[in-house]
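Structure, as structure tokens:
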Amino acid sequence: MLITRLVLAADRFRQWVIAQFVILLLTVLKLFPADGAINFMDRIARWIGPKTRRHTLTLTNLRNAFPEKSEAEIREIALESWGNMGRLAAEYVFLDGLFDFDPERTEPGRVEVSGIPLFLELRDNPRPFIVFTAHSGNFEMLPVAGSAFGLNVTVLFRPPNNPYLADKVFEFRKARMGNLVPSHAGSSFALARQLEHGGGVGVLVDQKFRKGLKTKFFGRDVQTNPLLAKLVRQFNCEVYPARCIRLPGGRFRLELEPAVEIPRRADGSVDVNATAQMLNDKVESWVREYPGQWLWYHDRWNIKRSL
Numbered sequence: 020m021l022i023t024r025l026v027l028a029a030d031r032f033r034q035w036v037i038a039q040f041v042i043l044l045l046t047v048l049k050l051f052p053a054d055g056a057i058n059f060m061d062r063i064a065r066w067i068g069p070k071t072r073r074h075t076l077t078l079t080n081l082r083n084a085f086p087e088k089s090e091a092e093i094r095e096i097a098l099e100s101w102g103n104m105g106r107l108a109a110e111y112v113f114l115d116g117l118f119d120f121d122p123e124r125t126e127p128g129r130v131e132v133s134g135i136p137l138f139l140e141l142r143d144n145p146r147p148f149i150v151f152t153a154h155s156g157n158f159e160m161l162p163v164a165g166s167a168f169g170l171n172v173t174v175l176f177r178p179p180n181n182p183y184l185a186d187k188v189f190e191f192r193k194a195r196m197g198n199l200v201p202s203h204a205g206s207s208f209a210l211a212r213q214l215e216h217g218g219g220v221g222v223l224v225d226q227k228f229r230k231g232l233k234t235k236f237f238g239r240d241v242q243t244n245p246l247l248a249k250l251v252r253q254f255n256c257e258v259y260p261a262r263c264i265r266l267p268g269g270r271f272r273l274e275l276e277p278a279v280e281i282p283r284r285a286d287g288s289v290d291v292n293a294t295a296q297m298l299n300d301k302v303e304s305w306v307r308e309y310p311g312q313w314l315w316y317h318d319r320w321n322i323k324r325s326l
């Protein structure tokens, strides 16, 4: 028992040290101009990323997803993906200043929005709805955009594994993104209550889910969370795709697309498996368009054990 307690205490201390280092780094970054700090983190991530074990997984994922691409192209996408990760970390610090979109302003800013009529229609005609997205670009900006338009959206998010970082991230997100629900065993009930009360829900759908539905992603087997499909089956709500695209010059485009048609069985009920596959197909189309803006170090295909 003593050895177990010592091991657990050592692990907690290790996580605390890592969290303090990350928090210190982000605090120091805030002392510098946003664009310079973000570009610096881009370069640092491109340097550190290839030196980590996750880089092997990143390259394997890319080779499997794009067998038609050359090795030089694969490595270029991998570096861009690491740079995207570095930018995302730094943008946490500057998000208040980066998100300059104002629905009432006519001149362009750092953030542009496609699908404004849909945002306004959802705001002016309240009803239950679901918005789904993926880990592409700065996906954290999407719930901020929802708040800017006055939408009542509850966002499901997965906290970092490090509990000390998780607390800081939750504090940051809650102040800027409205209602938040950490992903855990009871999170589906919180989302269901939001829909039952006529509100909106936001979910990421490109994460690995060990007990998920058997589907395909880039032609390979994956397991997909059935939560969205089951919520649609229960509440018959509309489902909207949304994504963030990085543009040149440190700019962003946020896109809210028209509601998708939910696959149904002959009796009119929601086809849960087909809906899960439809989500994967939509995310795959986004990733193929901007492959360097997706986080390829995720073990989406559950292949880490074979590396």
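In the numbering used here, the protein residues as written are 20 to 326.
Ideal Cβ placement from N, Cα and C applies to all residues, glycine included.
Predicted model only: the values in this text are computed from it and were never measured.
Helix, strand or coil at residue i according to DSSP, with G and I counted as helix
i	result
Asn-58	helix
Phe-236	strand
Ala-285	coil
Leu-275	strand
Ala-209	helix
Thr-71	coil
Thr-125	coil
Val-251	helix
Phe-51	coil
Per-residue burial, residue i [other beta carbons within 10 Å of its own, 16 or more giving buried]
i	result
Trp-66	exposed
Ile-93	buried
Lys-301	buried
Pro-145	exposed
Val-251	buried
Ala-295	buried
Sequence-distant residues of the same chain with beta carbon closer than 7 Å to residue i, five excluded per side
i	result
Phe-118	Val-130, Met-160, Val-163
Gly-116	Ala-53
Gly-169	Arg-142
Ile-63	Gly-105
Ala-167	Phe-120, Pro-122
Spatial neighbours of residue i in its chain, beta-carbon cut-off 6 Å, leaving aside the 5 residues before and after
i	result
Thr-46	none
Leu-98	Arg-65
Val-150	Gly-221, Tyr-259, Ala-261
Asn-244	Phe-228, Gly-231
Gln-213	Thr-173, Val-220
Within 8 Å, strictly: CB atoms of residue i and residue j
i	j	result
Arg-262	Trp-320	no
Phe-15	Leu-275	Given that the chain is displayed from residue 20 to residue 326, the structure contains no residue 15 and the question cannot be resolved.
Pro-277	Ile-96	no
Val-132	Phe-148	no
Leu-314	His-154	yes
Phe-271	Asn-157	yes
Residue i - partner residues in DSSP beta bridges
i	result
Ala-261	Leu-275
Trp-313	Ser-155
Close beta carbons around residue i, own chain, < 8 Å, minus the five adjacent residues each side
i	result
Met-60	Leu-48, Gly-105, Arg-106, Ala-108, Ala-109
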